[in-house]
Structures are given as C-alpha cells and as structure tokens.
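Working notes, structure below.
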Amino acid sequence: MSTKKAKVLASLAVAGVLALTACSKPTATPAQEAKGGGGSVTGLSAEAEAIAKERGLKPADVTAALKTYTPSGKKDEAIMFSSSGHAGQVFAIGVPSMRILRSIAVFTPESWQGYGYNDETRKLLKSGSVDGEMVTWGDTHHPNLSETKGEYDGEFLFINDKVHGRIGVIDLKDWETKQIVHNPLNFGDHGGSFVTPNTDYVIEGSQFAIPYIGQEDMKDYKDKYRGLITLWKFDRAKGRIDQSQSFSLELPPYWQDLCDAGKGPSEGLLFCNSINTEMFTGYNKKGDAHWEGGTSAKDRDYMHVIDWKKAEAVFKAGKFEKIKDFPVISMDTVISEGLLHFVPEPKSPHGNDVTPKGTHVVIGGKLVPTTTVYNIAKIKDAIANKKFEGKDPFGIPIIKFEDVLEATVEVGLGPLHTQFDDKGYAYTSLFLDSAIARWSLGSERPQDGWKLIHQEPIQYNVGHLSVYGGDTVKPNGKYLVSLNKWSLDRFTNTGPLYPQNLQLLDIAKEGEEMPVIYDMAMGIGEPHYAQMISTEKLTKSWQIYPQLGWNPETQKPSEHVTKAGEERVERNGNKVDVYMTAVRSHFTPENIEVKKGDIVTFHVTNIDYTKDALHGFGLPPFNVTLSMEPGETTEFTINADKVGTFPWYCTEFCSALHMEMMGYLQIKE
Ligand code: K7E
Ligand code: CUA
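In the working numbering, the protein residues as written are 18 to 686.
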C-alpha cells in the first residue's frame with residue numbers, strides 16, 4: 018500500500034463515525050477503464066463487430082455479455098434469494114442473467130399474489146400482529162436458506178422483519194409464506210434470521226435494547242433495559258417454527274446484532290456482534306453526543322460467544338422464567354450456566370461471519386480499515402480453561418483479545434460483511450471505498466497468508482455481498498453479487514428516487530481478476546443480504562400443486578375442493594357458501610344472488626390442472642384479489658352489507674376469451 022493511501026486510511030479511521038456517512042464519487046475507476054479500454058473485438062462475426070462498434074462496446078464488455086446473456090429458453094444456474102428491505106418481501110433473482118423471477122410476499126400485502134386478500138393469507142398476516150396491532154409492512158434484511166450439515170438444502174427460507182421483530186417462514190415447495198412469528202419482548206430485530214447448521218434453530222438478535230415490559234426511564238438504562246437473543250425452534254416435518262420449544266436469553270443492553278452459527282469444529286456455538294457496550298442513552302442535552310458517536314466512544318465492543326447447545330439443555334431443564342408468556346433464560350442463569358462469554362471486538366462492528374470450515378470467525382470493523390479474524394479453537398480453549406481477563410459490569414467473563422486473535426487484515430475502508438469461496442479467499446464489502454476486497458485466509462492459503470489480494474471497485478457503496486454458497490461449508494466460487502446502496506450515474510434517470518445497483522462479479526479465477534460483469538437495477542426495494550443457491554438444489558420445488566384442490570396453508574387437499582359438476586350455492590341462515598370452479602374461460606356459477614346482510618364465503622377451485630394455467634379473481638368493492646395457481650382451492654369471505662350489482666372478473670389474461678371470464682354478484686335488499 019502506498020504511504021499516501023496509508024495516511025488516508027489512518028485519518029479516516031480517526032474520523033471514524035463521520036467517515037461512515039461519506040459517499041464515493043460517481044466515476045469508473047482507472048482500473049475499470051483500463052480493463053475495458055481500447056482494442057478491437059476479435060473473433061466475432063462482422064455483424065457482431067459492427068454492433069459492438071456501434072454501441073461502443075469494449076472487449077471486456079463483450080466478454081461480460083457472453084458470460085451473462087441467457088438466451089430465450091435457457092435457464093439460470095443459480096437463484097439468489099434477496100431481501101427487499103422495507104418493501105417487506107423476498108425477491109428470487111436468476112444468476113447469471115440477473116432476471117427477477119418473482120417476488121415472494123411475506124410481511125406486506127401483495128395484490129398480484131393475492132397475498133393478504135383471501136381468508137388464509139389475511140389470517141396469516143393477522144397472526145403476525147404486534148401488540149394487538151395488525152401491521153402491514155416489514156423491513157426484511159437477512160434471508161437464510163435452511164441447511165443440512167451446513168449446506169443449503171433448498172427446503173425452506175427464513176427472513177426477519179427488523180422493525181417489528183418478526184420472522185417469516187417460506188416453504189420452497191410452493192415458494193409461499195407459511196408463518197410469521199413475533200417475539201413479544203422486543204422490536205428492531207436486525208440480527209435475524211440465521212440458522213444453525215441443521216436448522217434446529219433460527220436465531221434472532223434484538224439490536225435495540227428495551228425494557229421487556231412497559232416503559233422505563235432512560236436514566237435506568239443499565240438496570241431496566243435489556244438485550245435479547247431468541248432461538249426459534251424449527252420443526253422441519255411441520256415446516257413451521259415451534260413456538261412452544263423456542264426461548265430467549267436475557268442479555269445486557271449492549272445492542273446484540275448479527276449472529277452467525279459455528280459449524281464443523283465450532284458447531285454448537287453462536288457468534289453475535291454488539292454495538293452499544295457503552296450503554297449510551299442518546300442526545301439528551303446540549304453537548305451530548307448523538308447515538309452514532311455515543312455508541313462508538315469505546316475502542317472495543319463485545320462479540321458474544323453463546324453456547325446454544327448448552328442453552329437448549331438449560332431450557333429443556335426448565336431453568337427459565339416466562340415474561341409476557343415467552344420463556345426467557347435470565348441473565349443470572351446465563352452466567353451461572355456458562356452460556357455466554359465475551360471477546361473484545363472492534364467498536365460498533367457490522368458483519369460477523371464464520372469461515373466455511375468453522376475454524377475462524379471474521380468481524381467487519383466498519384470504523385476501522387481491517388477485518389479481525391479470531392481463532393475459534395483458541396476461544397474454546399479459553400472458555401474450557403476459564404482463562405479470562407476480567408468481567409463486564411454484569412459479571413460476564415471476558416476473554417483476552419490477544420489470546421484468541423488470529424489476524425487483522427487491512428482490507429480497506431468501511432468493511433461490512435464477509436463471504437467465502439472455494440479457493441480459500443474471503444470477500445469483504447467496503448462501504449466507504451466502494452469496493453469488494455478479496456483477501457486470503459491464511460489457514461486455507463498458507464502460500465499467501467492472511468493478506469489483501471485485490472480490491473475491485475463497485476458502483477457504489479456496497480452493503481452486503483453474496484457469494485454463491487458463500488456462507489456454507491461448501492462455497493461455490495463462481496459468482497459474487499455486490500448489493501449496492503447507491504447507483505448515482507449508472508442508470509437512466511428515474512426521478513429523485515434512484516434504483517439500487519446489484520452488480521454481478523465473476524470471481525472464478527484466482528488472483529486479481531474479478532470483474533463486474535452485470536449491473537442490475539433494483540427499483541422495488543432495498544435488498545440487504547441475499548443468498549445464492551444452485552437451482553439443482555431446489556429439487557423439492559413444485560411445478561404444480563400435487564393434487565387438484567390444494568390448500569397451500571395446510572399443504573394438503575382442501576376439504577372444500579370443488580370439482581367440475583359439483584358447483585353449488587349453499588345457504589344456512591344468513592351464511593352463504595359458494596362452491597365455485599374456474600377454468601378457461603369461465604367461472605361456475607357465474608351469477609350469484611344473495612341478500613343484504615349475508616355473510617358470503619367463496620370457495621374457488623382452479624380446475625385448470627395444468628402447468629402455468631393461472632386464474633385471478635377481482636371483486637369490487639370488497640378488496641378481494643386472488644391468484645389461483647393451477648389446482649389451488651382458495652377462499653374469501655365478504656360481508657354483503659351493501660345492495661348493488663358487482664361484476665367480478667378473472668384478473669389474469671388466461672385465454673383468448675379471458676375478457677369474458679367474469680360474473681355478477683347481486684346483493685338484494
Ligand atoms: Cu449490512 Cu441489515 Cu445486514 Cu443492510 S445490514 S447492508
Ligand atoms: Cu381466467 Cu382470465
């Protein structure tokens with residue numbers, strides 16, 4: 018590194034918090050210019066040469082196009098499941114084409130999927146109510162695929178809702194949300210939803226500390242405010258989180274954040290960051306710092322090392338109390354049972370990532386220009402031999418930093434998250450430098466040692482990065498996606514709200530070559546983390562529901578399935594049940610008469626039991642929109658409280674006579 022750069026690094030590290038808000042200049046770097054620069058495109062047809070010339074494409078552009086262009090009918094090799102931030106959904110994106118294949122509604126009603134508009138998904142959204150309030154949005158950050166032996170198994174996907182402290186469960190058989198759970202003790206759960214290597218638990222860290230119950234004065238922060246980490250027990254056979262077997266750990270109010278589960282030799286441990294060991298309480302009077310400064314006052318915070326297997330045993334032994342009806346292992350028990358140890362970490366860290374072999378854990382320092390690598394075997398030794406340098410104010414043992422440090426690697430400015438490949442490299446996103454750092458794991462590449470190999474510029478200000486399988490025991494080192502917060506000058510203007518920029522990098526080769534090969538504008542949400550899985554692993558994914566009359570809520574045939582010829586209207590007092598079929602290009606029945614004051618339930622079966630033969634159902638003014646996948650039976654209920662004639666229709670252009678696929682609902686006095 019040049020002295021000039023070193024000086025800049027040092028000064029920015031000192032500037033710390035201020036530096037974090039800086040943003041890069043909107044220019045391509047000289048390195049990128051050089052790579053794409055000059056020369057003629059050789060080996061192409063005259064027509065291709067002419068097109069390249071006319072469009073001003075350089076040789077590197079043509080190579081990138083060849084790596085990513087996916088002709089009609091050809092399929093992607095991987096799928097990236099991405100969060101959408103405060104859009105409250107998940108996106109499935111094909112790689113390397115970077116085509117959005119679909120969105121999966123989780124915390125937010127979504128009318129195309131009919132999510133939140135039929136009885137079953139209304140009930141689902143309602144089940145995610147928070148303090149009795151039905152909330153209709155979420156802030157999704159960290160999608161996590163279910164794992165078996167530390168590898169993605171393609172069965173389930175979990176996603177956290179930071180704002181309300183919830184976890185959504187998606188079944189990858191039909192790619193639909195099946196469950197939303199909420200821990201009643203906190204909000205702002207940034208640190209979800211990380212799985213243990215066999216998906217025994219889904220982990221949720223709380224970030225903001227609050228009093229578990231009611232309101233407490235900020236001056237009592239240390240005594241009355243608490244952090245929390247929740248272990249949600251996953252029942253794979255049922256495809257649901259088992260709330261009765263889930264529990265939380267009471268923790269100091271240090272803002273526990275991102276966690277990663279140990280694997281291999283470190284299986285059974287959890288590593289979680291914390292942000293506010295200062296126990297800072299905000300700007301209250303002139304002269305106080307703001308949160309950003311106050312939580313970064315000390316040089317070190319504490320990485321929490323939690324023994325989740327021991328915690329599970331403690332929970333099963335009944336050593337917990339119930340707060341708001343949720344089992345919590347008290348801090349006293351956490352300490353006396355040896356469930357938690359601290360390791361000093363760079364202040365206000367961001368990412369926390371265990372290496373593929375489970376031997377090391379990497380912290381992204383955010384305010385320092387290095388990643389910090391810990392040796393987990395040494396952490397285990399220190400715990401086993403009770404070798405501590407002291408205790409925190411709550412009595413939690415602190416392991417000495419130097420005893421367990423493996424390396425600090427100078428990677429660049431604003432290191433956030435780290436992922437791994439199959440070549441023994443680690444990749445760290447650099448928010449301030451707007452680059453991806455490739456660095457070598459000394460444990461895997463002794464020929465290189467622990468050192469920076471290359472910084473690849475990206476455009477601009479990367480948050481998370483996602484390497485194909487990059488947090489599993491067997492990463493595939495072919496692709497990396499840089500999920501950038503700013504796009505600035507990359508796309509055609511879309512008004513003052515800019516898309517984000519998801520950039521695909523080809524990381525297949527060793528050394529310094531890892532070019533950006535595609536820019537994908539993301540204009541429907543703010544992806545944070547994403548995970549990339551081979552499509553070959555999604556073997557459980559259905560192309561069509563297994564049986565006619567399928568109920569996606571129970572994943573079984575519905576008791577209300579209606580087959581052709583069985584359509585009918587049944588009345589029982591003021592309760593009316595309509596058993597309806599949909600087929601190209603009509604509904605049966607298609608004229609329905611009810612009386613004002615009736616409660617009408619429609620049970621609609623799409624009997625077009627063939628791939629991709631979708632029908633919809635839009636009924637004004639009752640706020641009903643359905644998406645009926647082939648073979649699906651779905652239900653919605655309306656209160657027929659107004660007299661009138663209400664035409665409904667199929668909302669999916671399903672056939673040449675789709676416009677005629679409609680019916681009238683007559684509500685009579
Ligand atoms: Cu870095 Cu929520 Cu994981 Cu955004 S977080 S980037
Ligand atoms: Cu069915 Cu349009």
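For every residue, glycine included, the Cβ atom is placed at its ideal position computed from N, Cα and C.
- Counting along the chain, G680 sits inside the beta strand (DSSP E) bounded by residues 679 to 685.
- Between T389 and E362, the C-beta gap is smaller than 8 Å, which places the two residues in contact.
- At a cut-off of 7 Å, the beta-carbon of M348 does not count as near ligand 2: no heavy atom of the ligand is closer than that.
- Taken through DSSP and simplified to helix, strand or coil, K336 comes out as coil.
- The beta-bridge partner set that DSSP reports for P637 is empty.
- As DSSP reads the structure, E267 sits in a beta bridge with L245.
- Q564 counts as exposed, since fewer than 16 other beta carbons sit within 10 angstroms of its beta carbon.
- Rounded to whole angstroms, the Cβ separation of I352 and G375 is 26 Å, and the two are not in contact under 8 Å.
- Within 10 angstroms of the beta-carbon of E164 lie 16 or more other beta-carbons, which makes it buried.
- Not a single heavy atom of ligand 1 lies less than 7 Å from the C-beta of H620.
- Annotation for A547 indicates a beta carbon at 7 Å or more from all heavy atoms of ligand 2.
- Rounded to the nearest whole angstrom, the C-alpha separation of P647 and I96 is 23 Å.
- In this structure, S602 has its CB closer than 7 Å to one or more heavy atoms of ligand 2.
- Annotation: R116 to I534 spans about 14 Å, alpha carbon to alpha carbon.
- Of the heavy atoms belonging to ligand 1, at least one sits nearer than 7 Å to the Cβ of H158.
- Taken atom to atom, the span from the alpha-carbon of F175 to that of P414 is near 32 Å.
- Residue P269 holds the alpha-carbon nearest to the alpha-carbon of N290 among W503, S446, Y300, P269.
- Taking C-beta separations shorter than 7 Å and ignoring five residues to either side along the sequence, the partners of K502 in its chain run N478, G480, Q517, following chain order.
- When the alpha-carbon of I684 is set against those of P637, I609, W665, A673, the nearest one is in I609.
- Inclusion of L433 in the 7 Å shell around ligand 1 follows from its C-beta lying nearer than that to a non-hydrogen atom of the ligand.
- As DSSP reads the structure, Y496 sits in a beta bridge with D523.
- Relative to W192, the option among Q560, T618, G407 whose CA is nearest is Q560.
- For D420, the enclosing alpha helix (DSSP H) covers residues 418 to 421.
- Rounded to the nearest whole angstrom, the CA to CA distance from L500 to N656 is 45 Å.
- For L433, the enclosing beta strand (DSSP E) stretches over residues 432 to 437.
- At the C-beta level, V428 and L384 stay beyond 8 Å of one another.
- One alpha carbon belongs to T213, the other to D465, and they sit about 31 Å apart.
- Here K397 is buried. Its C-beta has 16 or more other C-beta atoms within 10 Å.
- With a cut-off of 8 Å on Cβ pairs, the segment 239 to 252 is in contact with the segment 217 to 230, counting three or more such pairs.
- In the structure shown, the three-state DSSP call for H545 is coil.
- Pairing G299 with A122, the inter-Cα distance amounts to about 35 Å.
- Between the alpha carbons of Q476 and V498 lies a distance of about 12 Å.
- Pairwise C-beta distances place the segment 599 to 615 in contact with the segment 666 to 684, as three or more of them are shorter than 8 Å.
- Between the segment 399 to 414 and the segment 455 to 463 there are fewer than three inter-stretch CB-CB distances shorter than 8 Å, so the stretches are not counted as touching.
- Annotation for E610: the continuous beta strand (DSSP E) segment containing it runs 608 to 612.
- Just measuring C-alpha positions, the residue of H159, T194, K166 sitting nearest G182 is H159.
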